[in-house]
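Protein chains in written order, with full-length UniProt numbering: chain A, 1 to 393; chain B, 1 to 393.
Everything below concerns the one structure shown next.
There are 2 protein chains.
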Amino acid sequence: MSKKLTIGMFGFGVVGQGLYDIIKTKKLNLEIKKFVIKNAGKTRSLPAELFSTNPNDILNDPEINTVVELIDDADAAFEITKKALTSGKNVVSANKKMIATHLQELTALQQQHGTSLLYEGAVCGSIPIIRNLEEYYDNELLHSVSGIFNGSSNYILSKIFNENQSYDTALKKAQELGFAETDPTLDVGGYDPKFKLTIVASHAYGLFVNPDQILNLGIDRLDNTDIRYAKEKNLKIKLIPLAKEVSNSEVVLYVLPKFISKDSILFNVENENNGVLVKAAFADEQFFYGKGAGGHPTGSAVLSDITALRYDYRYEYKKHLDAQELRYTTNVDIKVYFRYTDENILENIAFKNISERFYGEDYKYVIGHLNLQEIIDKRELINQPGYFLAEIA
Amino acid sequence: MSKKLTIGMFGFGVVGQGLYDIIKTKKLNLEIKKFVIKNAGKTRSLPAELFSTNPNDILNDPEINTVVELIDDADAAFEITKKALTSGKNVVSANKKMIATHLQELTALQQQHGTSLLYEGAVCGSIPIIRNLEEYYDNELLHSVSGIFNGSSNYILSKIFNENQSYDTALKKAQELGFAETDPTLDVGGYDPKFKLTIVASHAYGLFVNPDQILNLGIDRLDNTDIRYAKEKNLKIKLIPLAKEVSNSEVVLYVLPKFISKDSILFNVENENNGVLVKAAFADEQFFYGKGAGGHPTGSAVLSDITALRYDYRYEYKKHLDAQELRYTTNVDIKVYFRYTDENILENIAFKNISERFYGEDYKYVIGHLNLQEIIDKRELINQPGYFLAEIA
Chain A
1 MSKKLTIGMF GFGVVGQGLY DIIKTKKLNL EIKKFVIKNA GKTRSLPAEL FSTNPNDILN
61 DPEINTVVEL IDDADAAFEI TKKALTSGKN VVSANKKMIA THLQELTALQ QQHGTSLLYE
121 GAVCGSIPII RNLEEYYDNE LLHSVSGIFN GSSNYILSKI FNENQSYDTA LKKAQELGFA
181 ETDPTLDVGG YDPKFKLTIV ASHAYGLFVN PDQILNLGID RLDNTDIRYA KEKNLKIKLI
241 PLAKEVSNSE VVLYVLPKFI SKDSILFNVE NENNGVLVKA AFADEQFFYG KGAGGHPTGS
301 AVLSDITALR YDYRYEYKKH LDAQELRYTT NVDIKVYFRY TDENILENIA FKNISERFYG
361 EDYKYVIGHL NLQEIIDKRE LINQPGYFLA EIA
Chain B
1 MSKKLTIGMF GFGVVGQGLY DIIKTKKLNL EIKKFVIKNA GKTRSLPAEL FSTNPNDILN
61 DPEINTVVEL IDDADAAFEI TKKALTSGKN VVSANKKMIA THLQELTALQ QQHGTSLLYE
121 GAVCGSIPII RNLEEYYDNE LLHSVSGIFN GSSNYILSKI FNENQSYDTA LKKAQELGFA
181 ETDPTLDVGG YDPKFKLTIV ASHAYGLFVN PDQILNLGID RLDNTDIRYA KEKNLKIKLI
241 PLAKEVSNSE VVLYVLPKFI SKDSILFNVE NENNGVLVKA AFADEQFFYG KGAGGHPTGS
301 AVLSDITALR YDYRYEYKKH LDAQELRYTT NVDIKVYFRY TDENILENIA FKNISERFYG
361 EDYKYVIGHL NLQEIIDKRE LINQPGYFLA EIA
């Protein structure tokens, strides 16, 4: 039935520890033979002979058939994953940046060497979205996949909208609680949800797009005027990644702050929670909600991948095999709210159909349509201090 | 890779038609060879030679390797499913009553004959809960699975709580819209969600329990006094099936109306939508939301099962194989609100820890704890006109 896994694990941080805690409580047919860590000096809760600082103690051990990679450094993680897949070992990873950036090559390596790379823990913690896109929605016509993919910016936005905190206070609190990654820009700048979006897009639409080619604007330019604007209209601002079919052959992908009304199921996703909203032709609106981060939720997703490997599970990337291929496009108009300081900027940004203009003592804004490619081209201009752009329904 | 499926389908109602619509739009490696229907006289949108009234035209056709069973009659569906599984055909069914009632025998038949029976469409329409319990939470310690499993009673409750309609008006409207099953008691009496709960419990906890042994009380005794009580306290009433581990070895199962506060994610599940809430030790709170019924959502789940059969997918019933077996118990105390007419009834029902008593001109109620077995034993007394019981947090 199930095959015995002998595991080598890279990293013993919050997720690794969470995973170890989970495995301890279960009688599963698996053994962790070795942990490779960076810092040999730290005191560990487990016997010293389990630890090593030499990656080859895992990669060259023929007994180890499964590599679990839980380190921060995306480049090092890629080297480990490549070597492992090439030498016949299956890999479980939670490194969203590494996977998003190298997915095409990693898919080819799996095919070439008959190995399997699973990464449910990389996207929205414990929410089984990759597995569901891969297995369950493999024949569904998906209109869009969106949601709240980043727990720390969502936590900050919840504090702002529900507890009237300022952006800075909320950010600080999120960092204290460990909800923010090492560099807050990854989260509040929308990079982290973009990596997850890239992975989702691959399983939803069979697209390989380099994250560098996808627009992300974050919540780091949000200020009290924008918050007041939203509150006056009973809206919240959420940071929303979106993958959407815009024609039979084209898909758009972007991450933008968005004004959300209480009609949306995303309105009530608060704090560090994540939610994934799948709109499909026949299944209609489907929503998956859960803890997006943390040692135990992510550990739970990683464990689910590990145990699936006992049954030789692998992603089939079925959407990539579809005859009718979809292309990534940036040619779509998006309705946005744009708060600005200097009037002259509007001469340099090609707004269409401006529906509102506001001039106040404190701030000015315009509401109108912008082409996605125009936002990408003018990103530096739009994303400077004193300016804030958000999608508006 | 994928195997070609030749399908015989029983029934051509709203789900069958929905399914046919979906298959039409896709290039899948599958063919519907024959529909067996009850009423030969009806005009159909498809060629007449596709239809037959003789079940053997499907069951005895060696070319047909897949039976899709979408009929209402649970007994007839069971006979069809048994014959098909025994003669080497895989089966997809959406008949919750049939599956809930015969699951143990059906599981044995699959094992014995190496065939596969899939039934995602039987539980909460398009929400892939069985697949996720089976595949993704197979090693998770599940504290509980609950939610809103019945679209028509939820629709009625939404009309009552959001639009101030009376129970009777709302029920009528639900029937007009086709959200209610042929017999409304199935829905509003809590039988339909109980069948789904039975199936869920099997995949979550490895339990085979006959639905007859599980308590279900519905919303059919709800009246304006109960609604007023809930509204005064900013609560809603929802019909909630629950499977919950109460000790290391025991699980309770029941369906009861329940007062829900806005802190619960189920508070915002409105109208005909369904939601499944999974509480797990490591993944924490997970929530799945979607359309619970209707031709297309259910058709989408059935299609997903059909296409999974192309890859010889089968439920492994892993929880049933676990060494440490769980038992079904009815020995648990539940905190309830009980509205009554005749004071004497309280002498016949063994309440514990009564925390509130109310005597009014219009109605009387008591809040206290009742043992689940006591509710089962006194079901007739509790569920008579003029009385209403609901769980309270």
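Glycine is no exception: its CB is placed at the ideal position from the N, C-alpha and C atoms.
Start and end residues, alpha helix (DSSP H) containing residue i
i        : result
Ala201/B : 191 to 205
Gln104/B : 96 to 113
Lys34/A  : Counting along the chain, Lys34/A falls outside any alpha helix (DSSP H), though it belongs to the beta strand (DSSP E) covering 30 to 36.
Glu391/A : From DSSP, Glu391/A is part of no alpha helix (DSSP H) but of the beta strand (DSSP E) over 388 to 391.
Asp220/B : It is not in any alpha helix (DSSP H) - Asp220/B carries neither H nor E in the DSSP assignment.
Glu347/B : 345 to 348
Buried or exposed by the 16-neighbour rule on C-beta atoms within 10 Å, applied to residue i
i        : result
Arg339/A : buried
Arg221/B : buried
Ile99/B  : buried
Thr198/B : buried
Pro241/A : buried
Ser45/A  : exposed
Leu118/B : buried
Glu135/B : buried
Asp226/A : buried
Asp312/A : exposed
Pro62/B  : exposed
Asp168/B : exposed
Tyr359/A : exposed
Ile354/B : exposed
Arg357/B : exposed
Asn273/A : buried
Arg228/A : exposed
Gly13/B  : exposed
Ala122/B : buried
Glu120/A : buried
Gly292/B : buried
Contact set for residue i: own chain, Cβ-Cβ below 7 Å, skip 5 residues either direction
i        : result
Leu392/A : It is worth fixing the name first, because residue 392/A is Ile in this sequence and not Leu. These residues qualify, in order along the chain: Phe259, Lys335, Val336, Tyr337, Ile367.
Leu19/B  : Gly299, Val302, Leu303
Ala280/B : Tyr137, Glu140, Leu141, Leu142, His143, Gln286
Phe78/B  : Met98, His102
Asn248/B : none
Pro184/A : Leu171, Gln175
Span of the beta strand (DSSP E), counted from its first residue to its last, around residue i
i        : result
Pro297/B : It is not in any beta strand (DSSP E) - Pro297/B instead sits in the alpha helix (DSSP H) that spans 295 to 309.
Asn274/A : 273 to 280
Ser152/A : Note, Ser152/A: premise wrong, no beta strand (DSSP E); alpha helix (DSSP H) at 151 to 163.
Arg334/A : One point to set straight first is that residue 334/A is Ile, not Arg, in the sequence displayed. Segment 333 to 340, the beta strand (DSSP E) holding Ile334/A.
Gln175/A : No beta strand (DSSP E) contains Gln175/A, which is instead part of the alpha helix (DSSP H) from 167 to 176.
Asn54/A  : Segment: none, Asn54/A is in no beta strand (DSSP E) and carries neither H nor E.
Close beta carbons around residue i, own chain, < 8 Å, minus the five adjacent residues each side
i       : result
Ala74/B : Asn95, Lys97, Met98, Thr101
Gly22/A : Just to set this straight, residue 22/A is Ile in the shown sequence, not Gly. Around Ile22/A: His296, Gly299, Ser300, Leu303.
Lys4/A  : Asn29, Leu30, Glu31, Arg310
Close beta carbons around residue i, own chain, < 6 Å, minus the five adjacent residues each side
i        : result
Gly218/B : Val188, Gly189, Gly190
Ile349/A : Lys378
Glu250/A : Arg327, Thr329
Pro257/B : Ile219, Ile237, Leu239, Ala390
Gly386/B : Thr341
Thr53/A  : Ala40
His320/B : Gly206
Glu325/B : none
is_contact[residue i, chain E] using C-beta, thresh 8 Å
i        : result
Gln286/A : Looking for chain E here will not work: the only protein chains present are A and B.
The stretch 40 to 58 of chain B in contact with the stretch 319 to 339 of chain B per 3-pair CB rule at 8 Å | no
Cβ pair count under 8 Å reaching 3, the stretch 126 to 141 of chain A against the stretch 254 to 268 of chain A | no
Decide yes or no for the touch test of the stretch 139 to 150 of chain B against the stretch 182 to 201 of chain B: beta carbon pairs closer than 8 Å, at least 3 of them.
-> yes
Proximal residues, the stretch 289 to 323 of chain B versus chain A, C-beta separation under 7 Å | Tyr289, Gly290, Lys291, His296, Pro297, Gly299, Ser300, Leu303, Ser304, Thr307
Stretch pair the stretch 88 to 105 of chain A + the stretch 49 to 68 of chain A: three plus CB contacts closer than 8 Å | Contact between the stretch 88 to 105 of chain A and the stretch 49 to 68 of chain A is present, because at least three Cβ pairs lie under 8 Å.
Against chain A: residues of the stretch 109 to 131 of chain B by CB proximity under 9 Å | Glu120, Gly125, Ser126, Ile127, Pro128, Arg131
Using Cβ-Cβ distances below 9 Å, what residues of the stretch 135 to 152 of chain A are close to chain B?
-> Flagged, chain order: Glu135, Tyr136, Tyr137, Asp138, Asn139, Glu140, Leu141.
Three CB pairs or more closer than 8 Å across the stretch 368 to 382 of chain A and the stretch 27 to 38 of chain B | When C-beta atoms of the stretch 368 to 382 of chain A are compared with those of the stretch 27 to 38 of chain B, fewer than three pairs fall below 8 Å, so the two segments do not count as touching.
Quick one, which residues of the stretch 217 to 234 of chain B are near chain A if we go by CB-CB under 9 Å, in chain order?
-> Of all residues in the stretch 217 to 234 of chain B, none has a Cβ within less than 9 Å of some Cβ in chain A.
Residues of the stretch 24 to 38 of chain A with Cβ closer than 9 Å to any Cβ of chain B, in chain order | Going along the stretch 24 to 38 of chain A in chain order, one finds Thr25, Lys26, Lys27, Leu28 with a Cβ nearer than 9 Å to chain B.
Quick one: which residues of the stretch 262 to 274 of chain A get their C-beta closer than 8 Å to a C-beta of chain B? List them in chain order.
-> Ile265, Asn268
Can you list, in chain order, the residues of the stretch 76 to 91 of chain A whose Cβ is nearer than 7 Å to any Cβ on chain B?
-> none
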